[in-house]
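Residue numbers (our numbering), protein chains in the order written: chain A, 174 to 324; chain B, 4 to 69. No residue lacks a Cβ here, since even glycine has one placed at the ideal position from N, Cα and C.
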Amino acid sequence: MKNTLLLPHSYKRTGIIILLPALALGILVRFFDFTFAFLTLPNGIASIKNKNLHLSEQINLTDELALTGIITGLLFIAFAREKKEDEYIAHTRLESLKWAVLINYILLLVATWLVHGFAYIDVMMYNMLTVLIIFIIRFNYVLNNSKKSFD
Amino acid sequence: MKNTIRVERAILNITQQDLAEKIGVSRQTINAIESNKYVPSTVLALKMARLFKKNVDELFLLEETD
């Protein structure tokens, strides 16, 4: 069965290889204020990029790098073709995507009522990734379950 | 809907993997069909019928609730 909009199977491994270091970098940036000094933009460029910034504030692109890696890695994993991409896999894929979108918005609604103030920015940040994460977990869980043999 | 794939497979003495390879699908698909979690497309049903040399309605049977 033809299934367009999918990447070759090997992208699954590539995705993991991109995701893991990016995730580590993301955690360092988020919780330990880590930045690569060489990714700090010179003052001139920074003020053009964001006119609202005070002159003393500098833009550092470490977080951009981490998020790009995390999203690219997750996309590669989520959209890599299975070894044998057939009609049941395609069905499971769609079903899992439906699940992921639904659960994602339920979580967002719950968080909207429970989390207030600046912490809500964190919710929005994690929410950027939850659709892909829930999809990957659910899709692989179902496929692994139906791998268990009855032979 | 129920099906007799597992029985037919036992008669031919082939594994889920063998059957999957013969009709060009993944083993998960055969497993999902046998455990009634997935209803295959007409194309797949016809391929199975051809392999087992049976009519499709001998492999797949409607139930009261269908």
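Where H264(A) is concerned, the enclosing alpha helix (DSSP H) starts and stops at E260 to L287. DSSP places K256(A) in no alpha helix (DSSP H); its state is neither H nor E.
In terms of Cβ geometry, A253(A) and R311(A) do not form a close pair [threshold 8 angstroms]. Our two residues, Q231(A) and L240(A), have alpha carbons roughly 19 angstroms apart in a direct line. Between the stretch 304-320 of chain A and the stretch 273-284 of chain A, the count of C-beta pairs closer than 8 angstroms reaches three or more; the two stretches touch. Think of a sphere of 8 angstroms around the beta carbon of K40(B): the chain A residues whose beta carbon falls inside it are S319, in chain order. Here L180(A) carries a strand assignment [DSSP, helix/strand/coil]. F63(B) is bridged by DSSP to N6(B). Looking at L201(A), A210(A) and S269(A), the one whose alpha-carbon comes closest to that of V315(A) is S269(A).
Just measuring C-alpha positions, the residue of L212(A), G188(A) and L280(A) sitting nearest F249(A) is G188(A). Partner residues in the beta bridge of T213(A), as assigned by DSSP, are N233(A).
Within a 10 Å sphere around the beta-carbon of I262(A) sit 16 or more other beta-carbons, which makes this residue buried.
When Cβ-Cβ separations below 8 angstroms define contact, Y314(A) makes no contact with chain B. In this structure E255(A) is buried. Its beta-carbon is surrounded by 16 or more other beta-carbon atoms within 10 angstroms. Taking all protein chains shown into account, E237(A) has fewer than 16 neighbouring C-beta atoms within 10 Å of its C-beta and is therefore exposed.
Going by DSSP, D295(A) is part of the alpha helix (DSSP H) stretching over A292 to N318.
By a beta-carbon distance limit of 8 angstroms, L192(A) contacts G246(A). Their separation comes to about 3 angstroms. For F55(B), the enclosing alpha helix (DSSP H) has its first and last residue at T45 to F55.
Of all residues in the stretch 231-264 of chain A, the ones placed with a Cβ closer than 9 angstroms to any Cβ belonging to chain B are E255, K256, K257, E258, D259, E260, Y261, I262 and H264, in chain order. At a cut-off of 8 angstroms between beta carbons, L47(B) contacts chain A.
Per DSSP, reduced to three states, the secondary structure at V202(A) is helical.
The CB of V59(B) never comes closer than 9 angstroms to any CB in chain A; the least such distance is about 16 angstroms.
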